[in-house]
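The structure under discussion appears below in the form of C-alpha cells.
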Amino acid sequence: EYNAYAVSSYEINNTLFFKSLKFLGRSNEHHYRLMFLGLEPEQRVGFLEALLS
3 EYNAYAVSSY EINNTLFFKS LKFLGRSNEH HYRLMFLGLE PEQRVGFLEA
53 LLS
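Sequential numbering from 3 applies to the sequence shown in my numbering.
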C-alpha cells in the first residue's frame with residue numbers, strides 16, 4: 003500500500019530524527035543514526051515515532 007509520507011519522507015525523517023536526538027540526548031546520536039540509516043525509508047517514521055512515544 004502506498005504510504006502518503008513517502009512524498010516528503012526525507013524532510014519528515016530529518017525533522018523527526020533531530021527531534022528524537024534532542025529528546026534522547028546527543029550521547030546516543032551515533033548509535034541511533036546507524037539504526038536509523040539501516041532502516042528502509044518507510045520504516046523510519048515509525049521508528050522515530052516509537053522513540054518519541
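Beta carbons are placed, not taken as given, at the ideal position from N, Cα and C, and that holds for glycine.
A quick note: this is a predicted structure, and the numbers were derived from the prediction, not measured.
What distance in whole Å lies between the Cβ atoms of Asn15 and Arg46, which are believed to be in contact at a cut-off of 8 Å? 5 Å
What is the DSSP secondary structure of Glu44, counted as helix, strand or coil? helix
Neighbourhood of Ser22 by C-beta distance below 8 Å, restricted to the same chain and skipping five residues each side: Tyr34, Leu50, Leu53 and Leu54
Should Phe19 be labelled buried (16 or more other beta-carbon atoms within 10 Å of its own) or exposed? buried
Residues near Leu41 by beta carbon distance below 6 Å, same chain, minus five either side: Phe49
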